[in-house]
């Protein structure tokens, strides 16, 4: 039996995602595909356009067998923290053979070579990285330059503790040139892929990484094209342009060539039942309130996850110019602070996510439970094996998890519940504004949510 895992956001699910799942099934011969999916908040520091249950249903209707939720501290983390959290969850399920991901490169050997150097963290690599950071580069830019410099200096000398990990990765050599390395680090899916492999190396995991070259438009493309494969960002942008009560239904038809029919129906039904999609600026009011409440001094925000004194100072100094979530993020952007980093930081503040808790989860080996969001009839057959082999609790009933979990796991799960409540609260307020009604809309109770089941 061959079991493949996919780490995803599906914000929203599109033709490229379906192609990946079909490839895993047909070319790799996977008997089961399980997905580790971000909940209601994404790695770029933005909300999901529709909630995790609707996106879970999209995945199950198009090839996934089971969907687990990635805890919010990891879904809203840097590429490294995101990958460590997701890979640890996949590894702790105890049944995964393959980790499959898309990349712009499509060259698994090149990605492995980069991952080995970063996982090794030699003195040379650390020295180069610190040098480029001190020059004012953002961390992603400094990392790219450090790895490229290491190749240029031919200074790669991995010190791998695990013989099994060494056996898996020792066929990679310095057979690439500097331009290859620079190109790899210029694309976001390559970077995530490298972080996945790095996490596998550090865990001495037996899971084999496999990559598939992405088709169609790039990850950051924000416009629809005539191609069947477009980015999720382009789909979100198209929906965002129609983000008003009078225009909301117009954007759906435009998406039909780029998303599976089942996803088209789910998005259309979501509008009919929920009345709206969510975008970053829908969180502007609650973010401004939170910033005004907590920014009592220049360093007051540095206790929040991944903020630090420089970003805390920037937010404090520019707070009186706040107009919206996205505009404020752009206002805070600088050479060494990317927009994604700032958006993540703002979401961390909004959701009360602290650096102390992020460090706590890291010291406890990242993911501490696996919350099941949904499964198909075929996927249900795998559940017994997962429950027998997993080294962490499998959560199928959230209310029971509050009694089942303790310590760091309980703290992490509470953060997930809080994030879901904030998301649903903002959605409720937007619905009421759009419907121009004072009628009370009841917030869904995350503790009583049912697992999604499909045939």
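Residue numbers (my numbering): 13 to 467. All residues carry an ideal CB built from backbone N, CA and C; glycine is no exception.
So what's residue 347 in DSSP terms, helix, strand or just coil? coil
In whole angstroms, what separates the C-alpha of residue 274 from that of residue 440? 25 angstroms
Please state whether DSSP places residue 336 in a helix, a strand or coil. coil
List the residues that DSSP assigns as beta-bridge partners of residue 45. Answer is 16.
Is it the case that the Cβ atoms of residue 23 and residue 60 are separated by a distance below 8 angstroms? yes
Whole-number beta carbon distance between residue 75 and residue 241, since they are thought to touch under 8 angstroms: So it is not a contact: roughly 16 angstroms between Cβ atoms.
Any chance you could list the alpha helix (DSSP H) runs of at least 4 consecutive residues sitting entirely within the stretch 105-149, in chain order? 120-132, 135-146
In the DSSP assignment, what residue or residues form a beta bridge with residue 394? None, per the DSSP bridge assignment.
Could you check what DSSP says for residue 460 in three-state terms: helix, strand or coil? helix
On the CB-based measure, 16 or more other CB atoms within 10 Å of its CB, does residue 265 come out buried or exposed? exposed
Do you know how far the Cα of residue 67 is from the Cα of residue 35? 20 angstroms
Keeping to the same chain, check which residues put their C-beta closer than 7 angstroms to that of residue 306; ignore five residues upstream and five downstream. Apart from sequence neighbours up to five positions away, the residues of its chain that approach residue 306 with a beta-carbon distance below 7 angstroms are 312, 313, 361, ordered along the chain.
What distance in whole Å lies between the Cβ atoms of residue 295 and residue 337, which are believed to be in contact at a cut-off of 8 angstroms? The beta carbons of residue 337 and residue 295 sit about 5 angstroms from each other, so the pair counts as a contact at 8 angstroms.
As an exercise, report each continuous alpha helix (DSSP H) stretch of at least 4 residues that is fully enclosed by the stretch 280-334, in chain order. 296-306, 320-330
Give the straight-line distance between the Cα atoms of residue 391 and residue 44, rounded to the nearest whole angstrom. 7 angstroms
Endpoints, the alpha helix (DSSP H) within which residue 226 is located: Taken as a continuous stretch (DSSP letters only), residue 226 belongs to no alpha helix (DSSP H), as it is neither H nor E.
Closer than 7 angstroms by C-beta to residue 194: which residues in its own chain qualify, once you throw out the five before and the five after it? Chain order, please. 156, 160
Which residues does DSSP list as the beta-bridge partners of residue 382? 406
How far does the beta strand (DSSP E) with residue 84 in it reach, from first residue to last? Looking at the DSSP string, residue 84 is not in any beta strand (DSSP E); the run it does join, the alpha helix (DSSP H), is 84-87.
Proximity to residue 395 [Cα-Cα], best of 438, 21, 46: 46
Would you say the stretch 196-210 touches the stretch 103-113, given that touching needs at least three Cβ pairs under 8 angstroms? yes
Taking only three categories from DSSP, how would you classify residue 152? In this structure, residue 152 counts as helix in the three-state DSSP scheme.
Apart from the five residues on each side of it in sequence, which residues of its chain come closer than 7 angstroms, Cβ to Cβ, to residue 58? Closer than 7 angstroms at Cβ, skipping near neighbours: 292, 355.
So residue 131 and residue 19 are in contact, right, with Cβ under 8 angstroms, and what is the actual spacing, rounded? About 18 angstroms separates the two Cβ atoms, so there is no contact after all.
Of the choices 308, 154, 310, 39, whose alpha-carbon is the least far from that of residue 224? Of the candidates 308, 154, 310, 39, the one whose C-alpha sits nearest the C-alpha of residue 224 is 39.
Assigned secondary structure, residue 275 (DSSP; H/G/I helix, E/B strand, else coil): helix
Return the first residue and the last residue of the alpha helix (DSSP H) that residue 423 is part of. 419-447
With 16 other CB atoms within 10 Å as the buried threshold, where does residue 2 fall? Missing from the structure shown is residue 2; the chain here goes from 13 to 467 and no further.
Given a cut-off of 8 angstroms on the beta-carbon distance, is the pair residue 164 and residue 126 in contact? With respect to residue 126, residue 164 sits apart: the two C-beta atoms are not nearer than 8 angstroms.
Hey, how far is the Cα of residue 253 from the Cα of residue 287? 16 angstroms
For residue 88, which of 342, 317, 284 has the nearest alpha-carbon? Comparing alpha carbon positions, the residue from 342, 317, 284 closest to residue 88 is 317.
In the structure shown, what three-state DSSP assignment does residue 62 receive? coil
Neighbourhood of residue 167 by C-beta distance below 6 angstroms, restricted to the same chain and skipping five residues each side: With a pLDDT of 47 at residue 167, under the threshold of 50, the modelled position of this residue cannot be trusted; read the value that follows with caution. Closer than 6 angstroms at the Cβ level, and outside the excluded window around residue 167, lie 136.
Helix, strand or coil: how does DSSP classify residue 21 here? coil
Quick one: what's got a C-beta closer than 7 angstroms to residue 270's C-beta in the same chain, skipping five residues either side? The beta carbon of residue 270 lies closer than 7 angstroms to those of 26, 27, 236, 240, 242, 247 in the same chain, with the five residues before and after it left out.
Sorted by chain position, which residues of the same chain lie with C-beta nearer than 7 angstroms to residue 13's C-beta, five sequence neighbours on each side aside? 43
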